[in-house]
Amino acid sequence: MSDDREQHWRETNRASWDERVPIHTSGDFYDLEGFEAGAERLRPFELSEVGDVSDKDLLHLQCHFGIDTLSWARHGAKVTGLDFSEPAIEAARNLANRIGFPQSEFVASDVYEAVQALNGRKFDIVYTGLGALLWLPNIKR
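Take the sequence shown: its letters are residues 1497 to 1637, numbered as in the numbering used here.
Next comes the structure, spelled out in structure tokens:
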């Protein structure tokens, strides 16, 4: 994909995700009410494969509005979520405050700019959820 086409695709994709935030935070699919009441969001295979996250720095790329990121916080991780949608990051920060994880960090940035956006920080675990990779126009990058 050419740089111009990739940039156009990313801008269009970001606008689409910006529009989805209020739909996803109010709809049934993510069950935000259940999550806020303590429901587990992570799947058993994710918990098994990632293992104990207690006191580990975990970076969640393409975190959307932070529901999975905050699930890892409930399991003891020190979490940072990164997403290119400003409305999603704002929703993630609000959710973190509502459920008692104000120390969770959420950063608005394109995944391709993550190193710069996070000032070169290192993490014990880098995670992304199901279906996240297909949204990247340049997987090698």
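Even for Gly, the Cβ is constructed at its ideal location relative to N, Cα and C.
Exercise. Any idea what DSSP makes of residue 1614, helix, strand or coil?
Worked result: Indexing the sequence shown from 1 puts residue 1614 at position 118. Residue 1614: coil per DSSP, three-state reduction.
Exercise. Do you know how far the Cα of residue 1524 is from the Cα of residue 1584?
Worked result: If you number the sequence shown from 1, residue 1584 lands on position 88. If you number the sequence shown from 1, residue 1524 lands on position 28. For residue 1584 and residue 1524, the distance between alpha carbons rounds to 17 Å.
Exercise. In chain order, which alpha helix (DSSP H) runs of at least 4 residues are fully inside the region 1539–1591?
Worked result: 1540–1546 and 1563–1570
For this session: For the alpha helix (DSSP H) containing residue 1535, list its first residue and its last residue.
Result: Numbered from its first residue, the sequence shown carries residue 1535 at position 39. Taken as a continuous stretch (DSSP letters only), residue 1535 belongs to no alpha helix (DSSP H), as it is neither H nor E.
Exercise. Among the residues of its own chain, which have a CB less than 6 Å from the CB of residue 1555, if the five just before and after it don't count?
Worked result: By 1-based counting over the sequence shown, the position of residue 1555 is 59. Result list for residue 1555: 1576, 1619 and 1622, in chain order.
Exercise. Identify the residues that DSSP records as bridge partners of residue 1628: which are they?
Worked result: By 1-based counting over the sequence shown, the position of residue 1628 is 132. DSSP, once it has assigned bridges, lists no residue as partnering residue 1628.
Problem set entry | Residue closest to residue 1604, alpha-carbon to alpha-carbon, out of 1498, 1532, 1591 and 1560 | Mapped onto the sequence shown, residue 1604 falls at position 108. Looking at the Cα atoms, 1560 is the closest of the given residues.
Problem set entry | Three-pair Cβ contact test at 8 Å for the region 1506–1513 versus the region 1535–1544 | no
Problem set entry | For residue 1543, the nearest candidate out of 1629, 1568 and 1578 (CA to CA) | The sequence position of residue 1543 within the sequence shown is 47, counting from 1. That would be 1568, whose Cα lies nearest to the Cα of residue 1543.
Exercise. Got a sec, what are the start and stop residues for the beta strand (DSSP E) residue 1601 sits in?
Worked result: Taking the first residue of the sequence shown as position 1, residue 1601 is located at position 105. Where residue 1601 is concerned, the enclosing beta strand (DSSP E) stretches over 1601–1604.
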